[in-house]
Each structure stands twice: as C-alpha cells, then as structure tokens.
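Student:
Residue numbers (this note's numbering): 25 to 129.
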C-alpha cells in the first residue's frame, strides 16, 4: 500500500538514511520504501546544492617512462697489448680520437 509522506517526513527519511550507513537500496528495503519514490522525493525536496557530493574524485594517471635504446650495431673495440677499450657506436668522434692518441703514447 502506498504511503504518502510530507516534505518533513521525507527530509527525516533522508537524514535517517544518511546516518544509517546503508546503501539507498538496502535502506529502502529495510524500511519498505520504494527506491523510485525515494529518488523522486529526493529530487523534489532536496536541492542539488544540498545533495551529498560524490565520494569519487577524478583520478589522473601519471606515468614516468624511461626509454632505453639498444644499439643493433656492435660496439667499437680497440685492443692493444696493454689495454682493451670498448666504446658505444654513438660516442662522439673526438672522444675516439683522444682515446686512440692516448693509447699510442
């Protein structure tokens, strides 16, 4: 059977729901209230600014990426009787010249 509630009765229902800790569906089932009537009355009697703010916040995902470039070419190897030097292919040419000069001495 339908029960007609006044505005004050609905406001009491909304307060009781808020303090119950139950979901709207569970609260309505326990108190024999139609969920449709609950939502309709809430829309009618509770202003949009008074409604509880959503408990979800917009999440932003930030990722820190690290790029490792592996060379497909073999490294440059310089072998002498006294030392062996291995340099990456992309090293600066002046560095190679300086190392070779140092190995000559």
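C-beta: ideal position from N, C-alpha, C; glycine also.
Does the pairing of the stretch 111-119 with the stretch 95-103 give three or more beta-carbon distances under 8 Å?
Tutor: Judged by Cβ distances under 8 Å, the stretch 111-119 makes contact with the stretch 95-103, as three or more pairs qualify.
Student: At which residues does the alpha helix (DSSP H) containing residue 90 begin and terminate?
Tutor: Here the question's residue 90 lines up with position 66 in the chain shown. Unbroken run through residue 90: none, as it is neither H nor E.
Student: Which one or two residues does DSSP pair with residue 102 in a beta bridge?
Tutor: Counting from 1 along the chain shown, the entry for residue 102 is found at position 78. In the DSSP output, where bridge partners are listed per residue, residue 102 has 109.
Student: Helix, strand or coil, according to DSSP, for residue 118 in the structure here?
Tutor: Position 94 of the chain shown, counting from 1, holds the residue named residue 118. Helix at residue 118.
Student: Are at least three pairs of beta-carbons, each pair with one atom in the stretch 40-60 and one in the stretch 82-89, less than 8 Å apart?
Tutor: Too few Cβ pairs lie closer than 8 Å, so no.
Student: Count the other CB atoms within 10 Å of the CB of residue 102; is the residue buried (16 or more) or exposed (fewer)?
Tutor: As a working note, residue 102 is residue 78 in the chain shown. So residue 102 counts as exposed.
Student: Verify whether the separation of the beta carbon atoms of residue 69 and residue 42 is less than 8 Å.
Tutor: Indexing the chain shown from 1 puts residue 69 at position 45. Indexing the chain shown from 1 puts residue 42 at position 18. No; because the gap between Cβ atoms is not below 8 Å, this pair is not in contact.
Student: So residue 104 packs on residue 127, CB below 8 Å; how close in whole Å?
Tutor: By one-based count along the chain shown, residue 104 stands at place 80. By one-based count along the chain shown, residue 127 stands at place 103. Going by Cβ atoms, the distance from residue 104 to residue 127 rounds to 5 Å, so yes, they are a contact pair.
Student: Taking only the alpha-carbon atoms, compute the straight-line gap between residue 46 and residue 85 and give it to the nearest angstrom.
Tutor: Locating residue 46 in the chain shown gives position 22, counting from the first residue. Locating residue 85 in the chain shown gives position 61, counting from the first residue. Computed Cα separation, rounded: 31 Å.
Student: Buried or exposed: where does residue 28 fall if 16 or more other Cβ atoms within 10 Å of its Cβ makes it buried?
Tutor: Counted from its first residue, the chain shown places residue 28 at position 4. Answer is exposed; the Cβ neighbour count stays below 16.
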